[in-house]
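Peer 1: Structure in structure tokens, see below.
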Amino acid sequence: MVEADRFHTARPKTWCPGCGNHQILEVLKETLARLDYHPHQVLLVSGIGQAAKTSQYIRTNTFNVLHGRTLPVATGAKLVNPRLKVLALGGDGDGYAEGGNHIIHAARRNVEVTYMIHNNQIYGLTKGQLSPTTDLGSPTTSYHTPSSTRPLNPLRFLLGIGASFVARGFAGSREQLGDILEKALKHRGFACIDILQPCVVFNRVNTSKWYRERVYDVNEEGHSPDDLAGAFRLAGEWGERIGTGIFYAEERETLNDALLGRDAPPLVERKPEPRDVAPLMKEYL
Ligand SMILES: Cc1ncc(C[n+]2csc(CCOP(=O)(O)OP(=O)(O)O)c2C)c(N)n1
Ligand code: SF4
Numbered sequence: 023m024v025e026a027d028r029f030h031t032a033r034p035k036t037w038c039p040g041c042g043n044h045q046i047l048e049v050l051k052e053t054l055a056r057l058d059y060h061p062h063q064v065l066l067v068s069g070i071g072q073a074a075k076t077s078q079y080i081r082t083n084t085f086n087v088l089h090g091r092t093l094p095v096a097t098g099a100k101l102v103n104p105r106l107k108v109l110a111l112g113g114d115g116d117g118y119a120e121g122g123n124h125i126i127h128a129a130r131r132n133v134e135v136t137y138m139i140h141n142n143q144i145y146g147l148t149k150g151q152l153s154p155t156t157d158l159g160s161p162t163t164s165y166h167t168p169s170s171t172r173p174l175n176p177l178r179f180l181l182g183i184g185a186s187f188v189a190r191g192f193a194g195s196r197e198q199l200g201d202i203l204e205k206a207l208k209h210r211g212f213a214c215i216d217i218l219q220p221c222v223v224f225n226r227v228n229t230s231k232w233y234r235e236r237v238y239d240v241n242e243e244g245h246s247p248d249d250l251a252g253a254f255r256l257a258g259e260w261g262e263r264i265g266t267g268i269f270y271a272e273e274r275e276t277l278n279d280a281l282l283g284r285d286a287p288p289l290v291e292r293k294p295e296p297r298d299v300a301p302l303m304k305e306y307l
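Following this line, the structure appears as structure tokens:
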């Protein structure tokens with residue numbers, strides 16, 4: 023078993039005290055250690071934003087990409103080196119706005135990537151603008167008036183586009199988040215965790231206390247992850263009660279399986295298969 027310290031970096035964190043990103047980072051390091059990963063076996067692809075800074079504070083292979091572009095890079099990396107454990111990570115803006123198109127195709131193709139969306143319901147790094155998950159009526163720095171647009175329901179979206187593992191965690195429920203992450207990392211396919219992450223500066227509505235008063239574990243209350251209809255129903259809850267846990271999980275063919283077969287070696291170990299292109303070229307002469 024490796025120690026969580028193995029993933030430690032000395033770089034000082036620039037997140038505010040009380041930011042949910044601190045807890046998520048610690049859970050990530052602990053869970054990777056519990057599953058006996060070593061830093062060189064893991065690739066963390068992050069976007070842009072406060073959440074995306076996570077890649078600077080953990081000792082793994084990292085790739086800090088353009089805003090919203092984690093999933094194409096993560097998909098490519100997993101195809102090139104199927105032995106890597108590939109994670110993608112970013113905020114709700116990064117995932118559901120700028121990267122909203124990529125998530126659809128990652129789900130459809132069932133890429134072998136664990137995707138952590140730190141959902142603080144605002145754009146944090148750029149100082150509190152409206153994001154796709156901002157609650158109706160919440161004040162933001164985008165407008166003088168509270169948000170008047172209907173938010174995206176992330177879990178219903180993920181279930182609808184066919185993600186093969188859909189879960190919700192809360193940064194303040196560390197043990198449960200670790201359990202969810204462990205199962206997501208073991209899942210062969212696109213494993214998405216929407217993580218409720220308090221932003222103590224720009225989101226004064228959905229505070230730690232607000233979440234804590236509402237979250238409950240859907241699995242402890244009997245929900246089974248193979249129940250898709252039940253998952254849709256529970257994902258509709260947002261108010262007095264907010265479900266967390268594993269909403270849905272299914273095993274099915276992944277993009278790696280379809281393109282390379284199971285257990286394909288990394289590109290560097292694959293034998294080149296030279297083909298004679300002369301007949302093809304002749305067709306165009
Ligand atoms: C293509 C592009 N658009 C906009 C920006 C500016 N930008 C940087 S971070 C950010 C918001 C990040 O919000 P989110 O993804 O929710 O992450 P958080 O900071 O809340 O963790 C924006 C709009 C950018 N860097 N690139
Ligand atoms: S502004 Fe919000 S998201 Fe950014 S570090 Fe502070 S608490 Fe975290």
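Our numbering runs 22 ahead of the 1-based position in the sequence shown. Don't be surprised by glycine CBs; every beta carbon is placed ideally from N, CA and C. Predicted, not measured: the structure shown is a model, and the values here were computed from it.
Is Lys149 buried or exposed, if buried means 16 or more other CB atoms sit within 10 Å of its CB?
Peer 2: Taking the first residue of the sequence shown as 1, we reach residue 149 at position 127. With fewer than 16 Cβ atoms within 10 Å of its Cβ, Lys149 is classed as exposed.
Peer 1: Can you tell me whether DSSP reads Asp239 as helix, strand or coil?
Peer 2: Reading the sequence shown from its first residue, position 217 is the one you call residue 239. If DSSP states are grouped into helix, strand and coil, Asp239 belongs with the strands.
Peer 1: Buried or exposed: Thr171, going by 16 or more other Cβ atoms within 10 Å of its Cβ?
Peer 2: Here residue 171 is taken as the residue at index 149 of the sequence shown, counted from 1. Thr171 is exposed by the Cβ-count criterion.
Peer 1: Taking only the alpha-carbon atoms, compute the straight-line gap between Val222 and Arg284 and give it to the nearest angstrom.
Peer 2: For this step, residue 222 is matched to residue 200 along the sequence shown. For this step, residue 284 is matched to residue 262 along the sequence shown. Between Val222 and Arg284, the C-alpha separation is close to 44 Å.
Peer 1: How about Leu147: is its Cβ closer than 6 Å to a heavy atom in ligand 1?
Peer 2: Stepping through the sequence shown from its first residue, residue 147 is reached at position 125. At least one heavy atom of ligand 1 is nearer than 6 Å to the Cβ of Leu147, so yes.
Peer 1: Between Ser160 and Val227, is the Cβ-Cβ spacing less than 7 Å?
Peer 2: Along the sequence shown, one-based indexing puts residue 160 at 138. Along the sequence shown, one-based indexing puts residue 227 at 205. Contact flag set, yes.
Peer 1: Check each candidate in Asp58, Gly146, Val49, Asn278 and name the one with the smallest Cα separation from Met138.
Peer 2: Indexing the sequence shown from 1 puts residue 138 at position 116. The residue with the shortest Cα to Cα distance from Met138 is Val49.
Peer 1: Would you list the one or two residues that DSSP bridges to Gly265?
Peer 2: What you label residue 265 is simply residue 243 of the sequence shown in a count that begins at 1. In the DSSP output, where bridge partners are listed per residue, Gly265 has Tyr238.
Peer 1: Look at the alpha carbon of Ala128 and the alpha carbon of Phe212, and state the distance between them as a whole number of angstroms.
Peer 2: Mapped onto the sequence shown, residue 128 falls at position 106. Mapped onto the sequence shown, residue 212 falls at position 190. If you take the alpha carbons of Ala128 and Phe212, they lie about 7 Å apart.
Peer 1: Taking the Cβ atom as the reference point for each residue, do Glu204 and Thr53 lie within a distance shorter than 7 Å?
Peer 2: Here the question's residue 204 lines up with position 182 in the sequence shown. Here the question's residue 53 lines up with position 31 in the sequence shown. Yes, these two residues count as a Cβ contact at 7 Å.
Peer 1: Count the other C-beta atoms from every protein chain shown that fall within 10 angstroms of the C-beta of Thr76, then say buried if there are 16 or more, exposed otherwise.
Peer 2: By one-based count along the sequence shown, residue 76 stands at place 54. Label assigned to Thr76: buried.
Peer 1: Output the distance between the C-alpha atoms of Gly117 and Glu305, rounded to the nearest integer angstrom.
Peer 2: Along the sequence shown, read from residue 1 onward, the residue named residue 117 stands at position 95. Along the sequence shown, read from residue 1 onward, the residue named residue 305 stands at position 283. If you take the alpha carbons of Gly117 and Glu305, they lie about 44 Å apart.
Peer 1: Could you compute how far the alpha carbon of Ala253 sits from the alpha carbon of Gly200?
Peer 2: In the sequence shown, residue 253 corresponds to position 231, counting from 1. In the sequence shown, residue 200 corresponds to position 178, counting from 1. Cα-Cα distance, rounded: 21 Å.
Peer 1: Quick one: Cα of Gly182 to Cα of Val188, how far?
Peer 2: Walking along the sequence shown from the start, residue 182 turns up at place 160. Walking along the sequence shown from the start, residue 188 turns up at place 166. Rounded to whole angstroms, Gly182 to Val188 spans 10 Å at the Cα level.
Peer 1: Count the C-beta pairs between the region 84-93 and the region 58-76 that are closer than 8 Å, then say yes if the count reaches three, no if not.
Peer 2: Cβ pair count under 8 Å is three or more, so yes.
Peer 1: For Trp232, verify whether its CB is less than 6 Å away from any heavy atom of ligand 2.
Peer 2: Locating residue 232 in the sequence shown gives position 210, where the first residue counts as 1. Answer for Trp232: no, Cβ out of range of ligand 2.
Peer 1: Bridge partners of Ile139, per DSSP?
Peer 2: Mapped onto the sequence shown, residue 139 falls at position 117. In the DSSP output, where bridge partners are listed per residue, Ile139 has Gly112, Asp216.
Peer 1: CB Thr136 to CB Gln151, shorter than 7 Å?
Peer 2: Within the sequence shown, residue 136 is the residue found at index 114, counting from 1. Within the sequence shown, residue 151 is the residue found at index 129, counting from 1. For Thr136 and Gln151, no; Cβs fall outside 7 Å.
Peer 1: Under DSSP, the beta strand (DSSP E) around Phe187 begins and ends at which residues?
Peer 2: For the purposes of this step, residue 187 is taken as residue 165 along the sequence shown, with counting starting at 1. Unbroken beta strand (DSSP E) run through Phe187: 187-192.
Peer 1: Could you tell me the boundaries of the beta strand (DSSP E) in which Val49 lies?
Peer 2: Taking the first residue of the sequence shown as position 1, residue 49 is located at position 27. No beta strand (DSSP E) contains Val49, which is instead part of the alpha helix (DSSP H) from 42-56.
Peer 1: Going by C-alpha distance, which of Tyr238, Ala193, His124, Lys231 is nearest Thr97?
Peer 2: The count along the sequence shown starts at 1 and reaches residue 97 at position 75. Minimum Cα distance to Thr97 is reached at His124.
Peer 1: Are the region 103-119 and the region 286-300 touching, with three or more C-beta to C-beta distances below 8 Å?
Peer 2: Touching, yes, given that three or more Cβ pairs across the two stretches are closer than 8 Å.
Peer 1: His166: buried (16+ other C-beta within 10 angstroms of its C-beta) or exposed?
Peer 2: Counting from one through the sequence shown, the residue named residue 166 turns up at place 144. Looking at its Cβ environment, which holds fewer than 16 other Cβ atoms inside 10 Å, His166 is exposed.
Peer 1: How long is the line joining the alpha carbons of Ile17 and Glu291, rounded to whole angstroms?
Peer 2: Nothing about residue 17 can be read from this structure; the chain reaches only from 23 to 307.
Peer 1: DSSP state of Ile126, grouped into three classes?
Peer 2: Taking the first residue of the sequence shown as 1, we reach residue 126 at position 104. Note: Ile126 maps to helix in three-state DSSP.
Peer 1: Can you give me the start and stop residues for the alpha helix (DSSP H) that Val95 sits inside?
Peer 2: The count along the sequence shown starts at 1 and reaches residue 95 at position 73. Residues 92-102.
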